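Inspection log for the structure reproduced underneath, given as structure tokens.
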Amino acid sequence: MSLQNDLSLKVIAAVKELYQVELPTVEFQPTRKDFEGDITVVVFPMLRYVKGNPVQIGSQIGDYLQEHVDEVAKCNVVQGFLNIVIEDSYYLNFFNGIKQETNYGYVKTLLDGAVMVEYSSPNTNKPLHLGHIRNNLLGYSVAEILKASGKKVYKTQIINDRGIHICKSMLAWQKFGEGETPESTGLKGDHLVGKYYVAFDKAYKEQIAALVASGIDKDQAEKKAPILLEAQEMLRKWEAGDAEVVSLWKKMNAWVYAGFDTTYKNLGVDFDKLYYESDTYLLGRDVVKEGLEKGVFFKKEDGSVWIDLTDEGLDEKIVLRSDGTAVYMTQDIGTAIQRVTDFPDINGMVYTVGNEQDYHFKVLFLILKKLGYTWAEQLYHLSYGMVDLPSGKMKSREGTVVDADDLITNMEETAETISAELGKLEGYSEEEKQQLYRTIGLGALKYYILKVDPKKRILFNPEESVDFQGNTGPFIQYTYARIQSILRKANFDVSTALDMTFSLHEKEKELLKGIQQFPETIQLAAENYSPALIANYTYDLVKEFNSFYQQVSILGEPDETKKQFRVQLSQKVGEVIQSAFRLLGIDVPERM
RNA sequence: GGUCGCGUAGCUCAGCUGGAUAGAGCAUCUGCCUUCUAAGCAGACGGUCGAAGGUUCGAAUCCUUCCGCGAUCACCA
């Protein structure tokens, strides 16, 4: 039973005894720093049930608590706030209870169904950029948070490996590629293919310009440019299973996958199951036909199938073209159902997709509900804001993108420069150093992106490099490294049981309160699908630790029991930092 | 135009289901390395919480209207 629940019952009992009234709930908040106390009862809401002056009511409840609750040491009342000081022994007991616990704060997997988390889902015609990085980090982190909160999780992505955009890079490679391969050029496969996607666009624009110059109007030119017609023809051949086109498609996609694998590995993200759009794009049509019979959908005169969502405040939405082919929505309906077929224990899904698709997912979820799938109640669109540059939106065709691989390299180099200046790594091999620069560089990047609420858009200025001081990944990693340094120097068994009867330093108490909040923070982050809550929690804990570190001597403490306690406390803080950062996909270093 | 999201310090962001004088970091300025890692700590400076109404004992938080920014409203994906 948590302290708050316990106190809540006692307060209710106090009010019952003092005023003969049954309170439904009691409101608590952490005591503000400028007042004495650990937890505060807000008296105002009680005034509805108890007539009287809040200060007087507060003091009377306070007296009662002091008398009847062991953990309550002292009370004071300021205005309508009853501040309660909790006994040190309570916090020490709490610490004793959890200090040996591994993976403190994580809930062991329960058997109440699984959640599938989809993220990444790139196109296979160009390399990943900063926007994809946000997607990958968010999706991966939310998956880890859900796991830690007690859910079984499948990580997945649907790879958009077909369509006209893929044909564009294929065609350009065929025309201008002269047989180039990743091996012959030394380029990463995704970058090589991306190069031809850009080449296509260049040729296309030139043809349009030529056509316009010859007197054709712009709209027509855009539709009639020969290279575009060729790409469309290539798509038709692909859909017809033309051996040559399919073989080229396979070859170039394999290059891209190899490139993506490297980027994913660098980012530290992974997947349990991959779906390919080339396998799923035909799904969903049977479901639409069923839905038509059930009356969920209706058919227009031209044969196209729609759903009417005007009752829900939305519009009509097409689910099947007049020629009977699938649209994006049809596929997504089919894919969702396919997933539940593949993994029957799924009872919820999270789609990590940018907020420009808010409407699409709102409609998709509504359709699945109307089709009567019970799991449709448990679908969540993890919608996130775009990552913009000072120059505006990123456009891969115009070259105004921050490439994912370049960015990662940049961050590592920055970490290297700063580390070299500080020069604390004597004794490290070159390999260890490189590994460390990677840990720090990625830590900076990941934290920078994940600490922001997913809903908000991020303005990323490549000119101003990501910070390494203050509320940053490296700051937190640094604190972890400091703790490890202490543990290396503390040459005694830190698991020793201690006689916990001494009084706590104010900073020690604050740290224990912080540690105590970790489990509930994980639950909150899971409920809100928000890695930012984990990031901000970790930052607060780390700030508190650094303050403690500066004010209180750990290894220099003469009292042996207190010294051991402080080492153990530091160790636990280190463990929490590590666990929290694992949820963000960030590593922590032993030294830095 | 309809719908959705966002608007908090010069900049980047916190602020839980309404609660005490709105909090951090960066930047600027002060102090602190003969003692456990100064990527740190302590402090100063900096805010009509986009605007106006409303609900309430009490509003950055809830409601309404307006303003600004973004997204979306395709037989594209």
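Be aware that the first sequence starts at 116, since it is given in the numbering used here, and climbs by one per residue. Ideal Cβ positions, reconstructed from N, Cα and C, are used throughout, including at glycine. Just so we're clear, the structure is a prediction, and the values are computed from it rather than from any experiment.
- DSSP places residue 188 in the strand class (E or B) of the three-state scheme.
- The C-alpha of residue 636 is placed about 10 Å away from the C-alpha of residue 651.
- Taking each of 479, 318, 452 and 191 in turn and checking the Cα distance to residue 430, the smallest one comes out for 479.
- Considering only 602, 566, 694 and 573, the residue with the shortest C-alpha distance to residue 585 is 566.
- Of all C-beta pairs linking the region 460 to 480 to the region 440 to 451, three or more are shorter than 8 Å, placing the two stretches in contact.
- Beta-carbon to beta-carbon, residue 195 and residue 157 are separated by about 7 Å, close enough to satisfy the 8 Å threshold.
- Straight across, the Cα-Cα distance linking residue 197 with residue 700 is about 41 Å.
- Residue pairing by DSSP leaves residue 568 without any beta bridge partner.
- Around the beta carbon of residue 277, 16 or more other beta carbons lie within 10 angstroms, which makes this residue buried.
- With respect to residue 240, residue 312 sits close: the two C-beta atoms are nearer than 9 Å.
- As for any beta strand (DSSP E) of minimum length 3 sitting wholly inside the region 437 to 471, the runs are 461 to 469, ordered along the chain.
- In this structure residue 569 is buried. Its beta-carbon is surrounded by 16 or more other beta-carbon atoms within 10 angstroms.
- Rounded to the nearest whole angstrom, the CA to CA distance from residue 374 to residue 518 is 13 Å.
- Collapsing the DSSP output to three states places residue 346 in a helix.
- A direct Cα-Cα distance of roughly 7 Å separates residue 449 from residue 400.
- In this structure, 120 is the residue among 120, 165, 164 and 131 with its C-alpha nearest to the C-alpha of residue 144.
- Pairing residue 529 with residue 507 gives a Cβ-Cβ distance that is not under 9 Å.
- If you compare the alpha carbons of 628, 352 and 542 with that of residue 660, the shortest gap goes to 628.
- Per DSSP, the unbroken alpha helix (DSSP H) holding residue 598 starts and ends at 588 to 604.
- In the structure shown, residue 272 adopts extended strand secondary structure according to DSSP, grouped into three states.
- Three or more Cβ pairs closer than 8 Å define a contact, and the region 295 to 311 falls short of that threshold against the region 398 to 418.
- Boundaries of the beta strand (DSSP E) harbouring residue 198: 196 to 201, taken from the DSSP string.
- Around the CB of residue 606, fewer than 16 other CB atoms lie within 10 Å, so the residue is classed as exposed.
- Note on the region 156 to 188: whole alpha helix (DSSP H) runs with a minimum of 4 residues are 169 to 183, in chain order.
- Taking the Cα of residue 186 as reference, the smallest distance to any Cα among 218, 152, 702 and 422 is reached at 152.
- Counting C-beta pairs closer than 8 Å gives fewer than three between the region 489 to 505 and the region 416 to 430, which falls short of the contact rule.
- In summary, residue 166 is exposed, with fewer than 16 beta-carbon neighbours lying within 10 Å of its beta-carbon over all protein chains present.
- Counting other Cβ atoms within 10 Å of its Cβ, residue 623 reaches 16 or more and is therefore classed as buried.
- Judged by beta-carbon spacing, residue 696 lies within the 9 Å limit of residue 592, meaning their Cβ atoms are closer than that value.
- Scanning the region 211 to 260 from its first residue to its last, the whole beta strand (DSSP E) runs of 3-plus residues come out as 229 to 233.
- DSSP, reduced to helix, strand and coil, places residue 391 within a strand of the structure shown.
- Inclusion of residue 322 and residue 341 in the CB contact set at 9 Å is warranted, their separation being smaller than that value.
- Within the same chain, and ignoring the five residues on either side of residue 125 in sequence, the residues whose Cβ sits closer than 7 Å to its Cβ are 180, 183 and 184.
- According to the DSSP assignment, residue 331 belongs to no beta strand (DSSP E), since it is labelled neither H nor E.
- Counting along the chain, no alpha helix (DSSP H) covers residue 496; the unbroken beta strand (DSSP E) around it starts and ends at 494 to 499.
- Distance from the CA of residue 413 to the CA of residue 434, rounded to the nearest whole angstrom, comes to 10 Å.
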